[in-house]
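Working notes, structure below.
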Amino acid sequence: MRTTWNFHTAGQLVFGNWAAKQLGSLLAKRGLNRVLVVTDKQLVAAGIASQILRSLTEAALSTHLFDDGVAEPSIDVALKATEWATAFQPDCIVGLGGGSNMDLAKIVAVLVTHGGSPEKYFSYGNVPGPVLPLVCVPTTAGTGSEVSHAAVLTDTANKMKVSTLSNFLRPALAVVDPELTLTCPPKVTADSGIDALTHAIEAYTAIDYPNLDMSVGDDVAYQGKHPLGDCLAEKAISLIGRHLLAVVKDGSNREAREGMSLAATLAGMAFSNCAVALVHALEYPLGGAIHVSHGAGNGLLLPYVMRFNLPERKAAFARVAELLGEDISGLTEDSAAERAITAVDRLRSEIGIPHRIRDIGGKRNQLPEFAAKAFAIKRLMAVNPRRASEADLLGILEAAY
């Protein structure tokens, strides 16, 4: 039985309104000179990219902009971005945007440093050493990529989302400025926010770290549930319960924007150390085959996975219900735990997250393939609190269909 756990996060976190104005001086103090900014054309059009470039140029840094980032980027997009980076020869890469742009920046940093193709580094532990200094500046509140060890690409050939995981991918610097999220559209705000909630709940209800099936001293992608992760996840869930619906209804609500930015970062710290589990395992093949955002796919699946895991995590789910604002006074543990599922189901309805796989274009005959692909992701299966067979996964998908 394991008796220890560990914790990793970004090297430095700068959080708060207008924090992005400090970016140039922060990089200059680190002795960096040539900065590649990885972003997308929407953020260029919104004027957010120009804010970042202004901070960099005011610090006398040489900059280059790659603005061909896309949602759920493919391997081909990663290769294109790497070509740009190789030509520019940066000493620092900034990922500006949602999780897709930040993850793309991480993959580019790996390829520029170590060469090869993205496939070489898929799964956990395949990045051989440190990469170019990474900086993440999120413009959404959801993925937690600014503090995580993960980068996700879409393998279009195999219709699967695939992760590269390594603590070498944790950014040297994360600059979280809630002001940059003010122009985030309602749908993106909702999808990102439910993604953060999924991260926090999966971390909070993961297998207990002493029970994770591994040898003492082994290095693993996820540690399992532990006390520090619990602290982070609880605060994230509470913030999301308080602010997500409000910010979807009114994107100019600065208090709610700040609350969601903090929630996403805390949830990122929690999941990238403790776990994401069955929700993510099922979403990777689902999202790879069907055009749906990662957050919306997670939000769709979350209540169904919660119900599957409920027998093993009644006390934790009762606490989740309370953190989401449910009155559980006088309820049995079973009834209080049920309230967590009810609360999540209601929240996703209120913010417009789809409820059924058929609602996003999925076909029933695809479900067995999704179940088989999910079951093969052993690092995620291992940290789920309840053991699941491939048949169990198919049952969850059938319930969600």
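Add 2 to a position in the sequence shown, counting from 1, and you land on the number used in the working numbering. C-beta: ideal position from N, C-alpha, C; glycine also.
Span of the alpha helix (DSSP H) around residue i
i: H151; result: Per DSSP, H151 belongs to no alpha helix (DSSP H) and is neither H nor E.
i: C233; result: P229 to K251
i: V281; result: L280 to A291
i: V346; result: E335 to I353
i: F17; result: F17 -> not in any alpha helix (DSSP H); beta strand (DSSP E) instead, spanning L15 to F17.
i: V307; result: H296 to N311
i: L396; result: E392 to A402
i: M216; result: It is not in any alpha helix (DSSP H) - M216 carries neither H nor E in the DSSP assignment.
i: D221; result: Taken as a continuous stretch (DSSP letters only), D221 belongs to no alpha helix (DSSP H), as it is neither H nor E.
i: P188; result: P188 to Y206
i: G26; result: L25 to K31
i: L382; result: K380 to M383
Sequence-distant residues of its chain with Cβ nearer than 6 Å to residue i (five each side left out)
i: L34; result: D93 and C94
i: F170; result: V129, P132 and V133
i: L199; result: I242
i: I362; result: I292, V294 and P356
i: L326; result: G243 and A345
i: F17; result: V178
i: D15; result: As written in the sequence, residue 15 is Leu, which differs from the Asp given in the question. Around L15: A176.
i: P305; result: I343, V346 and D347
i: H245; result: A258, G261 and M262
i: G364; result: I292
Sub-8 Å separation of residue i and residue j beta-carbons
i: L98; j: V139; result: yes
i: Y403; j: R350; result: no
i: S150; j: S274; result: yes
i: A404; j: L214; result: Summary: the structure shown does not reach residue 404, with the chain confined to residues 3 through 403, and so no result is reported for it.
i: L45; j: P75; result: no
i: L396; j: L369; result: yes
i: A269; j: A238; result: yes
i: K161; j: G290; result: yes
i: L382; j: A235; result: no
i: E400; j: F377; result: no
i: N300; j: V322; result: no
i: H201; j: G117; result: no
i: K43; j: D69; result: yes
i: Y286; j: I379; result: yes
When the options are compared against residue i, the one with the closest alpha-carbon
i: A47; options: G301, N386 and T185; result: T185
i: Q91; options: L312, K31 and V114; result: V114
i: A73; options: S194, I209 and V137; result: S194
i: E335; options: K316, L326 and A192; result: K316
i: L25; options: L395, G49 and Q53; result: Q53
i: T88; options: K122, E392, L67 and G290; result: L67
i: T267; options: L167, E400 and D197; result: D197
i: T158; options: V96, T183, P120 and G301; result: P120
i: M104; options: S27, L382, R381 and A143; result: A143
i: K375; options: L288, G301 and E400; result: L288
i: Y126; options: G101, E371 and A152; result: A152
i: S102; options: H116, S165 and G117; result: S165
i: S254; options: W86, G118, N386 and L182; result: L182
i: V39; options: S168, H296, T84 and K31; result: T84
i: A265; options: E148, V281 and S240; result: S240
i: K31; options: A62, Y123 and T41; result: A62
i: L155; options: V278, F319 and L81; result: L81
Close beta carbons around residue i, own chain, < 7 Å, minus the five adjacent residues each side
i: E328; result: R341 and A345
i: L247; result: L349, E352 and I353
i: Y211; result: R4, W7, Q225, G226, K227 and H228
i: R388; result: F310, N311, P313 and E314
i: V218; result: Bear in mind that the predicted position of V218 carries a pLDDT of just 49, short of 50, making it unreliable; the figure below should be weighed with that in mind. Excluding sequence neighbours, V218 sits near R4.
i: C276; result: A205, A208, Y224, Q225, G226, K227, H228 and G231
i: A111; result: I95, V133, L134 and L136
i: E148; result: A12, M104, C138, P140, P173, A176, V178, T267 and G270
i: R360; result: Y403
Own chain partners of residue i with C-beta closer than 8 Å, once the 5 adjacent residues on each side are dropped
i: G1; result: The structure shown does not extend to residue 1, since the chain is modelled only from 3 to 403, so the question has no answer here.
i: S64; result: N35, R36 and V37
i: F124; result: V164, S165 and T166
Continuous beta strand (DSSP E) stretch holding residue i: start and end
i: G261; result: Here G261 belongs to no beta strand (DSSP E); instead the alpha helix (DSSP H) covers R256 to F273.
i: G412; result: A query on residue 412 cannot be resolved here, the shown segment of the chain reaching from 3 to 403 and no further.
i: F372; result: Counting along the chain, F372 falls outside any beta strand (DSSP E), though it belongs to the alpha helix (DSSP H) covering L369 to F377.
i: V322; result: V322 -> not in any beta strand (DSSP E); alpha helix (DSSP H) instead, spanning K316 to L325.
i: R36; result: R36 to V40
Any non-hydrogen atom of the ligand PLP closer than 7 Å to residue i Cβ
i: V110; result: Absence of the ligand PLP is noted for the structure shown, with no ligands found whatsoever.
- Query: At what residue ranges does the stretch 44–81 contain a whole run of the alpha helix (DSSP H), taking only runs of 4 or more?
  - Reply: 50–60
- Query: Curious, which full-length beta strand (DSSP E) runs of at least 3 residues does the stretch 135–179 contain?
  - Reply: 136–140, 152–157, 162–167 and 175–178
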